[in-house]
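> Questions regarding the structure given below will be posed in turn.
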Amino acid sequence: MGTKNKALDHKKFIFAYFPGKSLMHKLNPISKILFLILLTILTFAINSVIFLASISFLLIVLALTSGITLKNLVKKLKFIVFILIFSVVLNIFFNAIPSDQDIVLFYLFNLSFLPIRRLALYFALRALFIVLTLYTSAIIFTNTTSMKDFVYSLIRLKIPYRYCFSFMVGIRYIPSIEDEAKTIALAQRARGLGLEKVNSIRKAYNLIFERLVTTLVSILRKTHTTSISMESRCFGLYKKRTNLIKISYKAKDIFFILICIGIFITIILYLLKLLPLPQIPSLYHLFFQT
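Under my numbering, the first residue of the sequence shown is numbered 2, with each subsequent residue one higher.
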């Protein structure tokens, strides 16, 4: 009785909602969407790597205070962090910047054919923190927001409910697709597929192709079943419909939105150098320039 069914534990999924009592759980979904929009604009407007790293760190702290444990957060981020580190290495060594227009910071292992260039390292780190920021913010939103509440909030904004429910179905399928992919992988391994070592590009391609095709077929079957179920219930027959649940704005939502807009305007003014504040130094000036 005391054992936990891991198959029903949505916390193991990257983008899955689980109930909680944190501030992010209590906010209106539209307030969190506005927060994500402002954060995305700032992320692409900021050029400082140190600034982006600070935002990524604050988002991780926000995730931890939103009911996501450190262990779960590490599990959710480990795959994308591995991909980003690999991408950074590729961006550093295979950059498209002419050699005569960039500064060589140092040579890796003192080898002349492995130069670490300033602009290549800057763009690689900037891309890393941009993706990490957006990915972490998406985790916070999906883990603290019920898609049902989000859809009802969109309907209150006079968005047609057909599009709202279609969006909800798409989002709700993400954890299901993730779980289905794991089930397919286990079923294929039980039949002997993938047990041998993947020691060539062709074997890796065949393995990935088999997994993707099988998962895609399963997704199409689920989609077809869902569409038939919705049509049998005459979904979309009427232009308007009533809802049992109504999502309303509260004082904390307005306060949260005002804080987000205030921080957004302040950072934009700071980036435009309209505030009498010192600019954040670059990594190059901190570590390589005396």
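Every residue, glycine too, gets a C-beta built ideally from N, C-alpha and C.
Looking at the unbroken alpha helix (DSSP H) that takes in residue 153, where does it start and where does it end?
Segment 148 to 157, the alpha helix (DSSP H) holding residue 153.
> Taking buried to mean at least 16 other C-beta atoms within 10 Å of its own C-beta, is residue 75 buried or exposed?
It is exposed - the Cβ of residue 75 has fewer than 16 other Cβ atoms within 10 Å.
> Cβ of residue 221 within 6 Å of any heavy atom in the ligand SAM?
The ligand SAM is not part of this structure, which contains no ligands at all.
> I need the DSSP call for residue 118, collapsed to helix, strand or coil.
Reduced to three states, the DSSP call for residue 118 is strand.
> Between residue 126 and residue 282, what straight-line distance do the alpha-carbon atoms span, to the nearest angstrom?
Rounded to whole angstroms, residue 126 to residue 282 spans 15 Å at the Cα level.
> Quick check: the Cα distance between residue 60 and residue 235, rounded to an integer number of angstroms?
If I take the Cα positions, the gap works out to 42 Å.
> When you compare each of 124, 250, 42, 53 to residue 266 by their alpha carbons, which one comes out closest?
Of 124, 250, 42, 53, the residue nearest in Cα terms is 42.
> Please state whether DSSP places residue 144 in a helix, a strand or coil.
Residue 144 falls in the helix class under three-state DSSP.
> Here's a check: name, in chain order, each residue in its chain whose Cβ is nearer than 7 Å to the Cβ of residue 254, leaving out the five neighbours to either side.
The answer, listed in chain order, is 28, 29, 32.
> Put residue 136 into one of helix, strand or coil per three-state DSSP.
Looking at residue 136 - three-state DSSP - the assignment turns out to be helix.
> Have a look at 268, 262, 248 and flag the residue whose alpha-carbon is nearest the alpha-carbon of residue 146.
Ranking the options by Cα distance to residue 146, first place goes to 248.
> Check each candidate in 262, 280, 40 and name the one with the smallest Cα separation from residue 134.
Out of 262, 280, 40, 40 has the C-alpha closest to the C-alpha of residue 134.
> Under the rule that 16 or more other beta-carbon atoms within 10 Å means buried, what is residue 129, buried or exposed?
Residue 129 should be labelled buried.
> In the DSSP assignment, find the unbroken alpha helix (DSSP H) run with residue 267 in it and report its ends.
Its alpha helix (DSSP H) spans residues 252 to 272.
> Just how far apart, CA to CA, sit residue 187 and residue 211?
One C-alpha to the other measures close to 13 Å.
> Quick check: residue 131 and residue 44, are their CB atoms within less than 7 Å of each other?
Yes, the Cβ-Cβ distance between residue 131 and residue 44 is below 7 Å.
> Assign residue 191 to buried or exposed, taking buried as 16 or more other Cβ atoms, counted over all protein chains shown, within 10 Å of its Cβ.
Residue 191 should be labelled exposed.
> If you check the beta carbons only, do residue 178 and residue 165 fall under 7 Å apart?
Contact flag unset, no.
> How would you write the range of the alpha helix (DSSP H) that residue 69 sits in, first residue to last?
Neither: residue 69 is in no alpha helix (DSSP H) and is coded neither H nor E.
> Could you spell out where the alpha helix (DSSP H) holding residue 36 opens and where it closes?
Run containing residue 36: 30 to 46, per the alpha helix (DSSP H) assignment.
> Just the Cα atoms here: how many angstroms apart are residue 37 and residue 233?
Roughly 36 Å between the two C-alpha positions.
> Does DSSP put residue 125 in a helix, in a strand, or in coil?
If DSSP states are grouped into helix, strand and coil, residue 125 belongs with the helices.
> Only counting the same chain, and skipping five residues up and downstream in sequence, which positions put a Cβ closer than 6 Å to that of residue 51?
Answer for residue 51: 281, listed in chain order.
> Going by the beta-carbon positions, is the gap between residue 88 and residue 25 smaller than 7 Å?
Cβ atoms of residue 88 and residue 25: not closer than 7 Å.
> When you compare the CB positions of residue 93 and residue 122, do they come within less than 7 Å of one another, or not?
For residue 93 and residue 122, yes; Cβs fall inside 7 Å.
> With a CB to CB cut of under 6 Å and the five nearest residues on each side skipped, what residues in its chain are close to residue 21?
Cβ neighbours of residue 21 beyond the five flanking positions: 68.
> Give the secondary structure of residue 165 by DSSP, where H, G and I count as helix, E and B as strand, and everything else as coil.
Helix, per DSSP.
> Rounding to the nearest angstrom, what Cα-Cα distance links residue 262 and residue 46 in this structure?
Their backbone Cα atoms lie some 15 Å apart in a straight line.
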